[in-house]
Structure formats: structure tokens, C-alpha cells
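A.B. asks: Using the numbering used here, the final residue of the sequence shown is 1063, and nothing's skipped along the way.
Even for Gly, the Cβ is constructed at its ideal location relative to N, Cα and C.
Just so we're clear, the structure is a prediction, and the values are computed from it rather than from any experiment.
Before I ask anything, here is the structure I am working with.
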Amino acid sequence: MKTRELTLNAMFIAVTVVMAIVPQFGIIQIGLISITVLHIPVIIAGLVLGYKSAIINALAFGVATLFIALTRGTLLLDPLFINPLVSVLPRLLFGVSIGLISGFMNKVSKNQVLNDVTTAILSTAIHSVLVLGALFIATLGNATIQAAIAEIMKNPSLGVSGIFAFFLGILVSNTLFEIIVAVLIALPVTNVLRRLNRGNA
């Protein structure tokens, strides 16, 4: 990996850490749920530098999430993020998805804007599905959180289908916002960094 790529990766990781540490910056808490924009530096890194950088920054994203859960977890689902299979693994797979989608799009289309938009949209959607899927599975083994969800949904006899409906509701409400923010922020930043990267080549 070239020095310039190492420098940019360090910058992306630093941005991720700052966004994670500062409350209501990288992870926005709304009521009992949270909306993340920490996935955006990962998308930018993948589009500008390639799949290896996407995976490196996805790992930083996952570790940052784990750190938040361990140090200042306050929301209903935060205890589940202490498990690396919930906090880290889905983020790593998200990084892989960026590389796969971007690589595929660059092969089938010469329209860079279309490729970037498609990558940002699909990878963000995949990230949401992976994280909420992991949370759903983890919740099935956590009676305390099941009881809390049952109370929220006003359904004492809440079963697997009710828990699934709860996470499906979060998926629908959060993902659209995260996709819009990813496209609005990631694309212009990617274009600027890509030009700078080429200019310094």
C-alpha cells in the first residue's frame, strides 16, 4: 500500500473515531433507536482507494461501535453490540460488499456517477440488513431485551414474529435516511478526493 493510501486511510479512520466519540455526531440517538452515519467514511474509502481500504475502514467502524457499547451504551439494543458478531462482523461484511458492488459496477458501466450512487445505495442497504439481522438473532437469545421490546410494542406475548416486526420497522425507518445521507455526502467528497488522488499520482 502506497504512502498516500496509508495517509488517506489514517484520515478516514480518524474521522470515524471522532464521529464515534462525539455524541450525536456519528451515531444519532432518536428515542429508543439510533441512526448511524459512520458508514459514510467506509463508503468513501472504498470508492476512492478500493476494496482493501473499504475493509480496513469497516473494521475501524466495527471496533468503534464496540467501544461505544462498552463505554457509553445507553439505548435498548446497545448491550447486544458488546458481542463482536453484532458490532464488528456485519461491518466487515459491509466493507466487503462495497468492494464487490463497486468492482461489479465498474465492469458493467463507464458512468462513474452511476457506479458511485449504486454502490452507496446498495452497500448502505446491505449494512442495515446485516446489522439488524445480527441484532434480531442476538435478541432471540436475550430474554431481558425481548421483554423490553414486548413492553414497547404493548404485547406481553410477543413471539419471534413480533420481534421480527420490531426490527423490520427499524429497517424501514432508518435505512432510507441513511441511504440519502450517504449519497449526499459520500459522492461529492469522493469526487474531490478522487481528483486529488489522481492529481498526486
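Tell me whether Arg866 is buried or exposed, calling it buried when 16 or more other Cβ atoms sit within 10 Å of its Cβ.
C.D. replies: Against the sequence shown, residue 866 aligns to sequence position 4. By the neighbour-count rule (16 or more Cβ atoms within 10 Å), Arg866 is not buried but exposed.
A.B. asks: May I have the straight-line CA-CA distance separating Pro1018 from Ile1011, to the nearest angstrom?
C.D. replies: Locating residue 1018 in the sequence shown gives position 156, where the first residue counts as 1. Locating residue 1011 in the sequence shown gives position 149, where the first residue counts as 1. The alpha-carbon atoms of Pro1018 and Ile1011 are separated by roughly 9 Å.
A.B. asks: Please state if the CB of Ser949 and the CB of Val910 are separated by a distance shorter than 9 Å.
C.D. replies: In the sequence shown, counting from the first residue as 1, residue 910 sits at position 48. In the sequence shown, counting from the first residue as 1, residue 949 sits at position 87. Result no, Cβ atoms of Val910 and Ser949 do not sit closer than 9 Å.
A.B. asks: Mind checking which residues open and close the alpha helix (DSSP H) that includes Asp940?
C.D. replies: Residue mapping note: residue 940 aligns to position 78 of the sequence shown, counting from 1. First-last for Asp940: undefined, no H or E at that position.
A.B. asks: Answer yes or no: do Thr986 and Ile905 have a C-beta to C-beta separation smaller than 9 Å?
C.D. replies: Locating residue 986 in the sequence shown gives position 124, counting from the first residue. Locating residue 905 in the sequence shown gives position 43, counting from the first residue. Contact: yes.
A.B. asks: Does the region 979 to 993 touch the region 952 to 965, meaning 3 or more C-beta pairs lie closer than 8 Å?
C.D. replies: yes
A.B. asks: How many Å lie between Leu1038 and Gly1031 at the Cα?
C.D. replies: Sequence index remark: in the sequence shown, residue 1038 carries index 176 (1-based). Sequence index remark: in the sequence shown, residue 1031 carries index 169 (1-based). A direct Cα-to-Cα measurement between Leu1038 and Gly1031 gives close to 12 Å.
A.B. asks: Just grab the DSSP bridge partners of Ile890 for me.
C.D. replies: As a first step, residue 890 must be located in the sequence shown, where it is residue number 28. Answer by DSSP bridge pairing, in chain order: Ile897.
A.B. asks: Using CA coordinates, which residue listed in Phe929, Ile963 and Arg934 is at the minimum distance from Gly912?
C.D. replies: The residue you call residue 912 lines up with position 50 of the sequence shown. Minimum Cα distance to Gly912 is reached at Ile963.
A.B. asks: So, helix, strand or coil for Val910, using DSSP?
C.D. replies: Looking up residue 910 in the sequence shown gives position 48. Residue state, collapsed to three classes: helix.
A.B. asks: Out of Thr898, Ala1009 and Lys864, which has the shortest C-alpha to C-alpha gap to Gly1024?
C.D. replies: Translated into the one-based positions of the sequence shown, residue 1024 becomes position 162. The option with the nearest alpha carbon to Gly1024 is Ala1009.
A.B. asks: Output the boundary residues of the alpha helix (DSSP H) element that contains Met873.
C.D. replies: Mapped onto the sequence shown, residue 873 falls at position 11. Unbroken alpha helix (DSSP H) run through Met873: Thr865 to Ile883.
A.B. asks: How about the region 968 to 977 and the region 935 to 945: do they share at least three Cβ pairs that are nearer than 8 Å?
C.D. replies: no
A.B. asks: Among Leu984, Thr878 and Phe1029, which residue has its Cα nearest to the Cα of Met967?
C.D. replies: As a first step, residue 967 is located in the sequence shown; it is residue number 105 there, counting from the start. Per the Cα distances, Leu984.
A.B. asks: Is Ile897 closer than 9 Å to Asn1036 when the C-beta atoms are compared?
C.D. replies: The residue labelled residue 1036 in the question sits at position 174 within the sequence shown. The residue labelled residue 897 in the question sits at position 35 within the sequence shown. Closer than 9 Å, so yes.
A.B. asks: So, at 8 Å on beta carbons, what are the nonlocal neighbours of Val1045 in its own chain, with the 5 sequence-adjacent residues on each side left out?
C.D. replies: Along the sequence shown, read from residue 1 onward, the residue named residue 1045 stands at position 183. Closer than 8 Å at the Cβ level, and outside the excluded window around Val1045, lie Val979, Ala982 and Ile983.
A.B. asks: Please report how far the alpha carbon of Pro1050 lies from the alpha carbon of Ala1005, in whole angstroms.
C.D. replies: Your numbering for residue 1050 matches position 188 in the sequence shown. Your numbering for residue 1005 matches position 143 in the sequence shown. Rounded to whole angstroms, Pro1050 to Ala1005 spans 44 Å at the Cα level.
A.B. asks: Taking the alpha carbon of Ala916 as the point to measure from, which residue in Ala1048, Leu954 and Met881 has its own alpha carbon closest?
C.D. replies: By one-based count along the sequence shown, residue 916 stands at place 54. Of the listed residues, the one whose Cα sits closest to Ala916 is Leu954.
A.B. asks: Lys914 to Leu1033, Cα distance in whole Å?
C.D. replies: Residue mapping note: residue 914 aligns to position 52 of the sequence shown, counting from 1. Residue mapping note: residue 1033 aligns to position 171 of the sequence shown, counting from 1. Whole-angstrom Cα-Cα distance: 27 Å.
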